[in-house]
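J.:
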Amino acid sequence: MKIVDVAEFYAPLGGGVKTYVDQKIALAASHGHAVTVIAPGPENRTEEREGGKVIWVKAPVLPLDKRYHVFWNAEDVHRVLDAEQPDVLEASSPWRGAWIAAGWRGDAKRVLFMHADPVASYPHQWLGGALRRDQIDRLFGWFWNYLRRLASRFDEVVVGGDWLAQRLAGQGVAQPRVATFGIDTRLFSPRKRSPALRAEWLAKTGLGPDAALLLGIGRHHPEKRWPMVIEAANAAQASRPVGLLLVGDGLSRTAVDRAAANAAHVHVAGQIGDRALIARLLASADALIHGCSSETFGLVAAEALASGTPLIVPSVGGCSALAHPDWSETYEPGSRAGATAAINRLLARNPDALRHAAIAAGRTRVAPAGRHFDALFDMYGELVGGYGWKKGMIAA
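The working numbering numbers the first residue of the sequence shown as 2 and each following residue consecutively.
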């Protein structure tokens, strides 16, 4: 098959979407497929990859986060699609890119791949102190109407985890199909644990190796709630020395830096592009801490478990689906006091027992990325009517 992904939020310094799309390109060839990504960027250019290519279409910069650009001119994207003639056309955001994909006149099967729940990401956070989540969902009924209308233009809606499938189905979006996400289980492993690396990064927080090291990884965007995580870790200092290391960058970086400056023993490392170092940090931390309650799957939580690292995560969202009392502590989304209590509970537990439980969970609860793409490509094969020769590509 030839698969084209109109990827509105794919960018060189992007977060989970970039990681996911790069994996899809890399694994396509081994399945006998080719993946072309159409992404908005600062200029028109083509980047060849093993397994496919990325075609950058010149587009305006996103004002709120200059790492990203936004599709504008549908004709520019349609010209690329006319040249590519995909078997399956995928849109990986519910915004302008999806409508451009839906409006193309080619005969490809169309898939809307939902990587996020915008209502859970933003209104639930903004209004969560005043309204229940179900009340907020009703208040934003206009968005669910919009999404149902958009989804009706596609042959399938696909998600990467059960939590988001249940969310969408509960709002009347055509029953989504689930291809459960996986991770690079060769990269993330408990064997990457390094006491020396742990001590090195604890020193960056101003603490010695006897302190606890919490690690937070993700974009600096409002829905990630990093300032709240910082405040929670700071409050936990009253019980024991706790160092917090944050990896990532984004439009909320100023707010993150401000919160870190007002707290003790926090180091904001910024973006780290070295995935091998990320794997070593995850295996060496005492716990992964996360503030976002709207993750669709929780890739970083899965990577932590594959690394043998316990979790401190909200009780709602994709990360919560990977949490269990044997290796995790959870808290009410957005609650600084709740997050502080969760930190204190986890750090009061037997660290060896926690790590052994996390290692076991990583073996049984986390799948390799290849398994997700096996399922995804099988779905797409069904859509185009089975496997075989088509447009010069082997669909194996």
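Backbone N, C-alpha and C fix where the C-beta goes; we use that ideal spot for every residue, glycine too.
Between which residues of its own chain and Cys-320 is the CB-CB distance below 6 Å, once the five residues before and five after are set aside?
T.: Counting from one through the sequence shown, the residue named residue 320 turns up at place 319. Cβ within range, chain order: His-291, Glu-296, Gly-299, Ala-302, Val-314.
J.: If we require 3 or more residues per run, which beta strand (DSSP E) segments fall completely within the region 192-219?
T.: With a minimum length of 3 residues, the continuous beta strand (DSSP E) runs that stay inside the region 192-219 are 213-218.
J.: Whose C-alpha, out of Ile-231, Pro-95, Leu-247, Asn-74, is nearest the C-alpha of Tyr-147?
T.: Reading the sequence shown from its first residue, position 146 is the one you call residue 147. Selected option, being the one with the closest Cα: Pro-95.
J.: Measure the Cβ-Cβ separation of His-79 and Pro-43 and say whether it is below 8 Å.
T.: For the purposes of this step, residue 79 is taken as the residue at position 78 of the sequence shown. For the purposes of this step, residue 43 is taken as the residue at position 42 of the sequence shown. Their beta carbons are not under 8 Å apart, which means His-79 does not touch Pro-43 by this criterion.
J.: In the DSSP assignment, what are the bridge partners of Val-62?
T.: Taking the sequence shown and counting its residues from 1, one reaches residue 62 at position 61. BP columns for Val-62 point to His-70.
J.: Hey, quick one: how far does the alpha helix (DSSP H) through Ile-137 stretch, first residue to last?
T.: Translated into the one-based positions of the sequence shown, residue 137 becomes position 136. 134-140 is the span of the alpha helix (DSSP H), which, as asked, contains Ile-137.
J.: Closer than 6 Å by C-beta to His-268: which residues in its own chain qualify, once you throw out the five before and the five after it? Chain order, please.
T.: Position 267 of the sequence shown, counted from the start, is the residue given in the question as residue 268. Once the five neighbours on either side are set aside, the close Cβ partners of His-268 are Lys-205, Thr-206, Leu-246.
J.: In the region 70-126, which residue ranges form an unbroken alpha helix (DSSP H) of at least 4 residues, counting only runs that do not cross its ends?
T.: Within the region 70-126, the complete alpha helix (DSSP H) runs of at least 4 residues are 75-85, 97-104, 119-122.
J.: Tell me the start and end of each unbroken alpha helix (DSSP H) in the region 272-319 that is at least 4 residues and wholly inside, in chain order.
T.: List check, alpha helix (DSSP H) in window: 276-285, 300-307.
J.: Go ahead and pull the three-state DSSP assignment for Gly-251.
T.: For this step, residue 251 is matched to residue 250 along the sequence shown. Coil.
J.: Alpha carbon to alpha carbon, what distance is there between Trp-73 and Ala-12?
T.: The count along the sequence shown starts at 1 and reaches residue 12 at position 11. The count along the sequence shown starts at 1 and reaches residue 73 at position 72. One C-alpha to the other measures close to 16 Å.
J.: Return yes when at least one heavy atom of the ligand NAD lies under 7 Å from the C-beta of Leu-140, else no.
T.: Of the ligands one can find in the structure shown there are none, so the ligand NAD has no counterpart to examine.
J.: For Met-394, does the three-state DSSP call read helix, strand or coil?
T.: Looking up residue 394 in the sequence shown gives position 393. Here the model assigns Met-394 a pLDDT of 39, short of 50, so the residue's position is not dependable and the matter cannot be decided.
J.: What does the alpha-carbon distance come out to for the pair His-222 and Ser-253?
T.: As a first step, residue 222 must be located in the sequence shown, where it is residue number 221. As a first step, residue 253 must be located in the sequence shown, where it is residue number 252. So the two alpha carbons sit approximately 5 Å from each other.
J.: Give the secondary structure of Tyr-388 by DSSP, where H, G and I count as helix, E and B as strand, and everything else as coil.
T.: Indexing the sequence shown from 1 puts residue 388 at position 387. Annotation note: pLDDT 48 at Tyr-388 (below 50); position unreliable, coordinate value reported separately. Looking at Tyr-388 - three-state DSSP - the assignment turns out to be coil, as it is neither helix nor strand.
J.: Who are the Cβ neighbours of Ala-359 in its own chain at under 7 Å, not counting the five residues just before and after it?
T.: The count along the sequence shown starts at 1 and reaches residue 359 at position 358. Excluding positions up to five away in sequence, the list reads Leu-306, Gly-309, Thr-310, Pro-311, Trp-328.
J.: Quick one: what's got a C-beta closer than 6 Å to Glu-85's C-beta in the same chain, skipping five residues either side?
T.: To locate residue 85, count along the sequence shown from 1; it is residue 84. Hits under 6 Å: Val-5, Thr-37.
J.: Whole-angstrom Cβ separation of Val-112 and Asp-163, contact assumed at under 8 Å?
T.: Along the sequence shown, read from residue 1 onward, the residue named residue 112 stands at position 111. Along the sequence shown, read from residue 1 onward, the residue named residue 163 stands at position 162. Not a contact, Cβ separation roughly 18 Å.
J.: Which residues share a DSSP beta bridge with Tyr-332?
T.: Against the sequence shown, residue 332 aligns to sequence position 331. DSSP, once it has assigned bridges, lists Pro-315 as partnering Tyr-332.
J.: With distances taken between CB atoms, is the gap from Gly-107 to Arg-68 smaller than 8 Å?
T.: Against the sequence shown, residue 107 aligns to sequence position 106. Against the sequence shown, residue 68 aligns to sequence position 67. It is not a contact, given that the beta carbons lie outside the stated cut-off.
J.: Taking 8 Å as the threshold (C-beta atoms), are Leu-216 and Leu-151 in contact?
T.: In the sequence shown, counting from the first residue as 1, residue 151 sits at position 150. In the sequence shown, counting from the first residue as 1, residue 216 sits at position 215. No, the Cβ-Cβ distance between Leu-151 and Leu-216 is not below 8 Å.
J.: Quick test of your reading: Ile-344 and Ala-212, contact by CB under 8 Å. State the CB separation rounded to the nearest angstrom.
T.: For the purposes of this step, residue 344 is taken as the residue at position 343 of the sequence shown. For the purposes of this step, residue 212 is taken as the residue at position 211 of the sequence shown. The pair is not a contact, with the Cβ atoms about 13 Å apart (cut-off 8 Å).
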